[in-house]
Amino acid sequence: MDKVVRSADEAVAEIVSGSTIGVGGFGLCGVPNVLIKQLLDTGVDRLEVVSNNCGVDGWGLGMLLAEHRIRRVVASYVGENKEFARQYLEGEVEVELTPQGTLAERLRAAGSGIPAFYTATGVGTQIADGGLPWRYDAAGAVAVSSPAKETRTFEVADGQQEFVLERALVCDFALVHAWKGDRHGNLIYRMSAQNFNPLVAMAARFTVAEVEELVEPGELDPAEIHTPGVYVHRVLGLTEQQNDKRIERRTTRPRPTTASVDGGAA
Numbered sequence: 001m002d003k004v005v006r007s008a009d010e011a012v013a014e015i016v017s018g019s020t021i022g023v024g025g026f027g028l029c030g031v032p033n034v035l036i037k038q039l040l041d042t043g044v045d046r047l048e049v050v051s052n053n054c055g056v057d058g059w060g061l062g063m064l065l066a067e068h069r070i071r072r073v074v075a076s077y078v079g080e081n082k083e084f085a086r087q088y089l090e091g092e093v094e095v096e097l098t099p100q101g102t103l104a105e106r107l108r109a110a111g112s113g114i115p116a117f118y119t120a121t122g123v124g125t126q127i128a129d130g131g132l133p134w135r136y137d138a139a140g141a142v143a144v145s146s147p148a149k150e151t152r153t154f155e156v157a158d159g160q161q162e163f164v165l166e167r168a169l170v171c172d173f174a175l176v177h178a179w180k181g182d183r184h185g186n187l188i189y190r191m192s193a194q195n196f197n198p199l200v201a202m203a204a205r206f207t208v209a210e211v212e213e214l215v216e217p218g219e220l221d222p223a224e225i226h227t228p229g230v231y232v233h234r235v236l237g238l239t240e241q242q243n244d245k246r247i248e249r250r251t252t253r254p255r256p257t258t259a260s261v262d263g264g265a266a
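Here the sequence shown stands for residues 1 to 266, numbered as in the UniProt record's numbering.
Here's what the structure looks like:
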């Protein structure tokens, strides 16, 4: 089945207001920015986003956040997005902070047909006990807090240990960015862009992928495929957009002077 679409508009056409969307990426690495920008242009709002973080100011999911298109975020950290922090603290967006490994496993579980699982992460904290602020009101008081979760004690190698029950995160849609992809939707992510992309791709009922290099079926080595095409429903081949890759935090040092290169001799 040929899943390639001709435009970003066609790629995200099924996404409607109020949807839950899983978005790949970590910081600025592997972010499906072309699809996010097109989603912004469609005007959809009241979105619930599941992603490691919510982009940065003016880039990635930060674009949707700045236009108040996101009502709720499930993420592992607020990061360096000042607008994200402001909206959370001022009660404009609800945030369910989840330990990063737990977030990854909740997505993987959704794609594997596992409704819930037990983990030791978060036991003895507000993650398990409840009371973690999800949304503040305009006065800065907690309006919505996390509920307590089920815990259970299991026999482990060195005795008994308490675990907390975490539920799978099933999304309506997923947006991912791949290095290579074929017309059947098989995807390969490059290096650290593998991050959350494979996880959200398998956790959604409908997955849309933007790919830097679109190839014909059979050209990808089956042993190198990260996301099988069975999880992908739309493929958008990128052109010049693939060269627009930003650095989250640029760190440089002064260029060496002629004197330092020559050992100090003038």
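Quick reminder that beta carbons are idealized off the backbone N, C-alpha and C, glycines included.
The alpha helix (DSSP H) enclosing residue i, as first and last residue numbers
| i | result |
| --- | --- |
| P198 | N197 to A203 |
| I36 | N33 to T42 |
| residue 348 | A query on residue 348 cannot be resolved here, the shown segment of the chain reaching from 1 to 266 and no further. |
| L64 | L61 to A66 |
| A138 | Unbroken run through A138: none, as it is neither H nor E. |
| E14 | Run containing E14: none; DSSP gives neither H nor E here. |
Proximity winner among the options, relative to residue i (alpha-carbon distances)
| i | options | result |
| --- | --- | --- |
| T125 | N53, T151, V44 and G60 | T151 |
| T239 | P254, T252, P228 and V211 | V211 |
| G237 | E213, T251, L89 and I127 | E213 |
| L103 | V74, L220 and G131 | V74 |
| R183 | A193, E216 and G62 | E216 |
| D172 | S17, A8 and V4 | S17 |
| E120 | F163, W134, T153 and D158 | As written in the sequence, residue 120 is Ala, which differs from the Glu given in the question. Ranking the options by Cα distance to A120, first place goes to F163. |
| L28 | K3, V49 and N81 | N81 |
| E48 | A174, R234 and G181 | A174 |
| V93 | A138, V170 and E224 | A138 |
| E219 | K180, A204 and T227 | K180 |
| G60 | G43, L35, R71 and R72 | L35 |
| S145 | D158, G131 and A157 | G131 |
| H68 | R46, V56 and S51 | R46 |
| I231 | L187, R72 and A85 | Before going on, a small fix: residue 231 reads as Tyr here, not Ile. Closest by alpha carbon: L187. |
| A193 | K3, D2, A13 and F26 | F26 |
For residue j and residue i, the rounded distance between their alpha carbons
| i | j | result |
| --- | --- | --- |
| Y189 | N33 | 15 Å |
| P222 | V142 | 50 Å |
| I21 | L165 | 23 Å |
| G30 | Y77 | 17 Å |
| G229 | A201 | 10 Å |
| A11 | S112 | 25 Å |
| P198 | Q161 | 31 Å |
| L40 | A168 | 27 Å |
| Y118 | V176 | 27 Å |
| residue 270 | K37 | A question about residue 270 goes unanswered here, because the residues of the chain that appear run from 1 up to 266. |
| A8 | I15 | 12 Å |
| F154 | P133 | 29 Å |
| L107 | I114 | 10 Å |
| V5 | G185 | 11 Å |
| L89 | V95 | 10 Å |
| A148 | G24 | 28 Å |
| A66 | A204 | 25 Å |
| T42 | E83 | 22 Å |
| I170 | D158 | With the sequence shown as reference, residue 170 is identified as Val, and Ile is not the correct amino acid for it. Taking the straight line from one Cα to the other gives about 34 Å. |
| A266 | T257 | Confidence at A266 is low in this model, with a pLDDT of 48, below 50, so the placement of that residue is unreliable and no value is reported for it. |
| G122 | P99 | 8 Å |
| D129 | E105 | 20 Å |
The beta strand (DSSP E) enclosing residue i, as first and last residue numbers
| i | result |
| --- | --- |
| V50 | L47 to V50 |
| G58 | That residue, G58, is in no beta strand (DSSP E); it is neither H nor E in DSSP. |
| R234 | R234 to G237 |
Those residues which DSSP pairs with residue i across a bridge
| i | result |
| --- | --- |
| G22 | V50 and A174 |
| T227 | L187 |
| R215 | Note on identity: in this sequence residue 215 is Val, with Arg being the wrong assignment. Paired residue(s): D182. |
| R71 | In DSSP, R71 forms no bridge with anything. |
| E210 | H177 and L236 |
Any C-beta of chain C under 8 Å from that of residue i
| i | result |
| --- | --- |
| L169 | You won't find chain C in this structure, because it holds only one protein chain. |
request  = Could you tell me which uninterrupted beta strand (DSSP E) segments, each at least 3 residues in length, are contained entirely in the region 142 to 200, listed from first to last along the chain?
outcome  = 142 to 145, 151 to 156, 159 to 167 and 171 to 182
request  = Would you mind listing the alpha helix (DSSP H) stretches within the region 76 to 133 that are 4+ residues and don't spill past its ends, in chain order?
outcome  = 82 to 89, 100 to 112 and 126 to 129
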